[in-house]
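According to our numbering, the sequence shown is numbered sequentially starting from -16.
Beta carbons are placed, not taken as given, at the ideal position from N, Cα and C, and that holds for glycine.
The structure appears below as structure tokens.
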Amino acid sequence: MIQTETINIQPTNESRLPQLDFESLVFGRTFSDHMLVMDFKDGKWQKPSILPYQNLSMSPASSVIHYGQSIFEGLKAFKNENGDFGLFRPDRNIDRMNKSAVRMCMPELPTELVLEGLKELVRLDQGWIPTSEMGSLYIRPVLFATDEYIGVKASDTYRFLIFTAPVNAYYTKPVKVKIERNYTRAAHGGTGAAKAAGNYAGSLYPARLANQQGYDQLLWTDAQTHSYIEESGTMNVMFLIDDTLITPALSDTILDGITRSSVLELARSWGMKVEERKVSVQEITDAAKEGRLKDAFGCGTAATIAQIASIADGDQEYVLPEVEEREFSKKLSNYFIDLKKFRIEDSLNWMIKLN
Ligand SMILES: Cc1ncc(COP(=O)(O)O)c(C=O)c1O
């Protein structure tokens, strides 16, 4: 056991890295050697430890299993062919997790300590970061309630974990999406803007129906009228109509995506017209019919930029321009890859280099 002032580190005796085949990774199925664990009890955060990745043991009465106090995050580390590696905007994920924590009645994390622990963890498992063009180390922080108590109340104790998974591209081709006009992901006053586990549980059934109809993802609409676009399953969504980039404005029903805000900042710095506002389904389908919908894509950590091949609304399917014609989303994808692989100047200070 290595003891630093702030973190206990117990490296594994037997790394699983030699068995890893970087070529045949299935997204989210392979986990690196170590994880960070930090408990909240007696009203305060305890000293975190980095331990070998292992199963958890918990009581059947653990409150998270029953009442769902669980929030999570997703971010990535990248490495280039020369071995340079680092994190993309990790501070934003910790901030967002703290916002989710407040909404779910959970304790906020000590930001600096979590960032330090995250850096240590990624340094320790740096050998697990793929160097391939679309490869990265997906990082999953998760915070959940641990009280052994059956009764609906906010837990007094919590566990925070960070573990990591080497991954390749999330989507290998443009996605077919369906506008969801019946089921609802989030309503005003609810938890849609928090990265709360239950939001995802509720989305599974409508997503399965869409999959059975041949679609990759849903485009959620507002709970009241089902006529305004909100976001996609695990991505925010953007449309290029003529030469204006349009995206639904943030609200308490939409997750404040870090990729979304990065894309908007970049687009503005490139001199594009950008609008964050309510986006009606009618407007999108009209633009598609008139040939003015030049590009549409989802943006999120897992896929970064996922071009949309077609949008279905009821029986109507609107096919978007060929990928080769989509200058903007291609430029964005290339910019993000080059930035994350340390090939271009990081003028916006988004990367935290770890070596
Ligand atoms: C519901 C939802 N919307 C949007 C996003 C995109 O957010 P980010 O770009 O921070 O990954 C995610 C993924 O985290 C998500 O789960």
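- Leu303: not part of any alpha helix (DSSP H); DSSP gives it neither H nor E.
- Fewer than three Cβ pairs drawn from the region 185 to 204 and the region 53 to 68 lie within less than 8 angstroms of each other, which leaves the two stretches out of contact.
- Residue Trp111 holds the alpha-carbon nearest to the alpha-carbon of Asn63 among Ser42, Trp111, Tyr50 and His49.
- For the set Pro35, Val306 and Trp203, the Cα lying nearest the Cα of Ala289 is the one of Val306.
- Residue pairing of Cys282 in beta bridges, as defined by DSSP: Asn219 and Ile288.
- Counting the other CB atoms within 10 Å of its CB gives Asn165 a total below 16, which places it among the exposed residues.
- Taken through DSSP and simplified to helix, strand or coil, His209 comes out as coil.
- Shown here, Asn182 sits in a helix according to DSSP, grouped into three states.
- In the three-state DSSP reduction, Ser7 falls in the helix class (H, G or I).
- The beta-carbon distance between Leu92 and His17, rounded to whole angstroms, is 19 angstroms. This is too long to meet the 8 angstroms contact definition.
- Contact fails between the region 43 to 53 and the region 213 to 220, because fewer than three Cβ pairs, one in each stretch, are under 8 angstroms apart.
- Here the C-alpha atom of Gln109 lies approximately 49 angstroms from the C-alpha atom of Glu273.
- Exclusion of Thr236 from the 6 angstroms shell around ligand 1 follows from its C-beta lying no nearer than that to any non-hydrogen atom of the ligand.
- With a beta-carbon spacing of about 7 angstroms, Ala279 and Met221 fall inside the 8 angstroms limit used to define contacts.
- DSSP lists Glu163 as the bridge partner or partners of Trp203.
- The Cβ atoms of Tyr211 and Lys161 do not sit closer than 7 angstroms to each other.
- When the five nearest sequence neighbours on each side are left out, the beta carbons in the same chain lying within less than 7 angstroms of the beta carbon of Ile77 are those of Leu92, Thr94, Val97 and Leu98, in order along the chain.
- Residue pairing by DSSP puts Asp22 in a beta bridge opposite Arg142.
- Assigned with DSSP and collapsed to three states, Gly197 falls in coil, not helix or strand.
- Note that the C-beta distance between Thr287 and Phe325 is not below 7 angstroms.
- With a 10 Å radius around the Cβ and a threshold of 16 neighbouring Cβ atoms, Glu6 comes out exposed.
- Arg251 counts as exposed, since fewer than 16 other C-beta atoms from the protein chains shown sit within 10 angstroms of its C-beta.
- Comparing alpha carbon positions, the residue from Glu258, Ala84, Arg12 and Asp74 closest to Leu126 is Ala84.
- A distance criterion of 6 angstroms places the beta-carbon of Thr284 in contact range of ligand 1, judged by its closest non-hydrogen atom.
- Scanning the region 220 to 265 for uninterrupted alpha helix (DSSP H) segments of 4 residues or longer gives 241 to 252, listed from N- to C-terminal end.
- Inclusion of Met218 in the 6 angstroms shell around ligand 1 follows from its C-beta lying nearer than that to a non-hydrogen atom of the ligand.
- Here Thr(-11) is exposed: its Cβ has fewer than 16 other Cβ atoms, across all protein chains shown, within 10 Å.
- Non-local C-beta neighbours of Glu258 in its own chain, meaning closer than 8 angstroms and more than five positions away in sequence, comprise Thr227, Leu228, Ile229 and Thr230, ordered along the chain.
- Rounded to whole angstroms, Asp74 and Val264 show a C-alpha spacing of 34 angstroms.
- Per DSSP, Ile77 lies in no beta strand (DSSP E); the unbroken alpha helix (DSSP H) holding it starts and ends at Pro73 to Arg86.
- A Cβ-Cβ contact shorter than 7 angstroms links Leu104 with Ile145.
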